[in-house]
Amino acid sequence: MNIIFLAKRANRAVSLNLGHGWSVTVMIAVFAVFPLLGVGAGYWLGVASQERQAVSQELRAELQRQREHIDRVANQAREDMKGLTVRLGQLQAQAVRLNALGRRLVEAGKLDKEEFDFSSLPAQGGPEGDPDQGRQMTPPDFLHALDQLASELSRRESQLRVIESLYMNRELLREVRPTGRPIRKGWISSYYGMRTDPFTGLQEFHKGMDFAGKPGSDIIAVASGVVTWAGDRYGYGLLVEISHGNGYITRYGHNKELLVKVGDIVSSGQAIARMGSSGRSTGPHVHFEVHYKGRVVNPGKYVLAKRR
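All residue numbers for the sequence shown refer to the working numbering, where the first residue is 1182 and numbers rise by one.
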């Protein structure tokens, strides 16, 4: 078997003479080794392709995991932001209630509105600190500060409401406690205690104070309360009786005309009748009594008290 090689530079052909044995060997090599090489190459290419696919799938899976993690973080951030927004709204509502409560107390207590101005921030100041010693607030610090502020606002609101309740109760007691005279104009014509009865001339106990004045002038309530009697009563003539609560009852007798009826709610200083001389009376006046916890008491100390 001759194999001829052509050499382009030498311009001549070189032949290789193979014997019969060599020919068979070469043929076996050609038809046996080359297919094996092809199979090996195909196998390698297949394995490489599978590895590339596996790597690609792993990368895609990792990318999906990263996306899911980012979504979770984003959702958590949104939920945290919603929570902070709700918390901030609650704190703002508490601050509004505190400001309103503070303004009511300032007005009720007649305090200086400029000194207790709840519409502006409190005055604060001081020298500048060392910036190197300062630090930024971290999210946990911020949330802790919010919780502390909420607790402080709740405590302050509770304290102010207790003060308001005590103040209002005190004002209510002042409002229902008999104070001042039952007339606007006039004079005292008879005091509480023993006196000579103008009809019999005998010494008798006078249970109230008499205030004389112009007929038809106003008779006024000395405290707020509810009318429990409005009509004629033996000895008193036309009588108005008012229950003020807390044990106090006042009576206004000998009226010419009544301006209220049973069940009416009256306020301190309100006109409830017109001065007259009905009943057992010698002239136009009002017979004024004060009862405390079921007992008649001297109205003098209540008459002398200043009406607010």
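The C-beta atom is built at its ideal place from N, Cα and C for all residues, glycine as well. Everything numeric in this text was worked out from a predicted model, so none of it was measured.
{"Item": "Quick one: residues in its chain with C-beta nearer than 6 Å to the C-beta of A1326, no 5 flanking neighbours on either side, listed in chain order?", "Value": "none"}
{"Item": "Assign T1490 to one of three DSSP states: helix, strand, or coil.", "Value": "Look at the range of the chain in this structure, 1182 to 1489, and you will see that residue 1490 is not part of it."}
{"Item": "Taking the alpha-carbon of A1402 as reference, which of G1361, L1383, K1437 has the nearest alpha-carbon?", "Value": "G1361"}
{"Item": "Return helix, strand or coil for L1439, following the three-state DSSP convention.", "Value": "strand"}
{"Item": "Starting from the Cα of L1420, find the closest Cα among L1439, G1406, L1240 and give me that residue.", "Value": "L1439"}
{"Item": "Use the C-beta contact count for A1404: other C-beta atoms within 10 angstroms, 16 or more gives buried, fewer gives exposed.", "Value": "buried"}
{"Item": "Can you tell me which of the three DSSP states D1413 falls into?", "Value": "strand"}
{"Item": "Out of D1261, A1486, G1374, V1477, which one is the CA nearest neighbour of Q1384?", "Value": "G1374"}
{"Item": "Can you check whether the CB of K1437 is closer than 8 Å to the CB of S1459?", "Value": "yes"}
{"Item": "With C-beta atoms as the reference, is K1468 less than 8 Å away from G1434?", "Value": "The identity of residue 1468 in the sequence shown is His, whereas the question assumes Lys. For H1468 and G1434, yes; Cβs fall inside 8 Å."}
{"Item": "Taking Cβ positions, are S1398 and R1365 nearer each other than 8 Å?", "Value": "yes"}
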